[in-house]
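Working notes, beginning with the structure itself.
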Amino acid sequence: MRPLGIFGGTFDPIHNGHLRTAFELAECLDLERVLFVPAADPPHRPVPRVRAAQRLEFVRAAIADEPRFALDDRELRRGGRSYTVLTLEELRAEVGPRPLVLCLGMDAFLGLPAWHRWTELTRLAHLAVAHRPGFAPPADGPLGELVARRLAATPGELAAAPAGCVFFFAGTQVELSATELRSVLETGRDPRYLMPEPVRRMILDTGAYARPGENEG
Ligand code: ATP
Numbered sequence: 047m048r049p050l051g052i053f054g055g056t057f058d059p060i061h062n063g064h065l066r067t068a069f070e071l072a073e074c075l076d077l078e079r080v081l082f083v084p085a086a087d088p089p090h091r092p093v094p095r096v097r098a099a100q101r102l103e104f105v106r107a108a109i110a111d112e113p114r115f116a117l118d119d120r121e122l123r124r125g126g127r128s129y130t131v132l133t134l135e136e137l138r139a140e141v142g143p144r145p146l147v148l149c150l151g152m153d154a155f156l157g158l159p160a161w162h163r164w165t166e167l168t169r170l171a172h173l174a175v176a177h178r179p180g181f182a183p184p185a186d187g188p189l190g191e192l193v194a195r196r197l198a199a200t201p202g203e204l205a206a207a208p209a210g211c212v213f214f215f216a217g218t219q220v221e222l223s224a225t226e227l228r229s230v231l232e233t234g235r236d237p238r239y240l241m242p243e244p245v246r247r248m249i250l251d252t253g254a255y256a257r258p259g260e261n262e263g
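Right, dumping it as structure tokens:
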């Protein structure tokens, strides 16, 4: 059974850094599918700029032409805080022993010890951590210890077990964040080539990230 990837995020909005990373991870780890799981109410960060249902539609449009990518709206349907551990528990119950791979950028991985029930995550899934400009892997502390115990040197190790490994992935590092995208949009600049064209079109048509006060009335 080929592994199933899970790419969670606020996606406020989705951009080419997310997409390229997910695509390269799918190729490297031979993931049968990557589920994009938008967070409804992400813990540990300010309220998203755009409401969840609209962020979800941007993700849907962004991944529509890639057969390996799928949208998973369970965190919107579930309601409450969008805890990844709950999502992984649900998925584990659905897929049986198939390997699950939670895909993260290095910045997100470094924040893991603040996540709800974080020590249970590697019981439920592998972690594939993509390098991201400006963020170094942990050398010590609880994450350093996790890496020392669970580091996988090859993708094959992830395919051979349902969960439990940490894999660092050094693919193309796209120096782009949703924060930067929001700034581009708020200042009236054009996000062309930073995100899929259908998403750019939807955002410009709806004025979703325009500076407050613009596109009103
Ligand atoms: P923000 O700037 O609002 O914090 P973000 O661009 O980091 O947003 P998120 O939706 O918070 O995007 O991130 C979802 C996941 O995608 C996280 O695991 C994050 O590390 C990863 N990610 C985001 N941008 C990149 C990128 N350019 N390269 C690799 N991973 C990324």
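Residues 47 to 263 (my numbering) make up the sequence shown, in order. Ideal Cβ placement from N, Cα and C applies to all residues, glycine included.
Where residue i falls: helix, strand or coil (DSSP)
| i | result |
| --- | --- |
| M248 | helix |
| G263 | Because G263 sits at a pLDDT of 39, beneath the cut-off of 50, its placement in the model cannot be relied upon, and the following sentence gives the value as read from the coordinates. In the structure shown, G263 sits in coil (DSSP, three-state: anything other than H, G, I, E or B). |
| I60 | coil |
| C74 | helix |
| M47 | coil |
| L222 | coil |
| G217 | coil |
| V93 | coil |
| G210 | coil |
| G54 | strand |
| G151 | strand |
Status (buried if at least 16 other CB within 10 Å, exposed otherwise) for residue i
| i | result |
| --- | --- |
| S128 | buried |
| E255 | It is Tyr, not Glu, that sits at residue 255 in the sequence shown. Classification for Y255: buried. |
| R246 | buried |
| L197 | exposed |
| M47 | exposed |
| A206 | exposed |
| H61 | buried |
| P188 | exposed |
| H90 | exposed |
| V93 | exposed |
Boundaries of the beta strand (DSSP E) in which residue i is found, first to last residue
| i | result |
| --- | --- |
| G234 | Here G234 belongs to no beta strand (DSSP E), and DSSP marks it neither H nor E. |
| A176 | H172 to A176 |
| A116 | F115 to L117 |
| R79 | R79 to P84 |
Near ligand 1: residue i beta-carbon under 7 Å from a heavy atom
| i | result |
| --- | --- |
| C64 | In the sequence on display, residue 64 carries His and not Cys. Yes, the beta carbon of H64 sits closer than 7 Å to at least one heavy atom of ligand 1. |
| R178 | yes |
| G51 | no |
| G190 | no |
| T67 | yes |
| F57 | yes |
Whole-angstrom C-beta distance between residue j and residue i, which should lie under 8 Å
| i | j | result |
| --- | --- | --- |
| G55 | A85 | 7 Å |
| V131 | M152 | Actually they are not in contact, since the Cβ atoms of V131 and M152 sit about 20 Å apart, beyond 8 Å. |
| R79 | R114 | 6 Å |
Continuous alpha helix (DSSP H) stretch holding residue i: start and end
| i | result |
| --- | --- |
| V141 | T130 to V141 |
| A107 | A98 to I109 |
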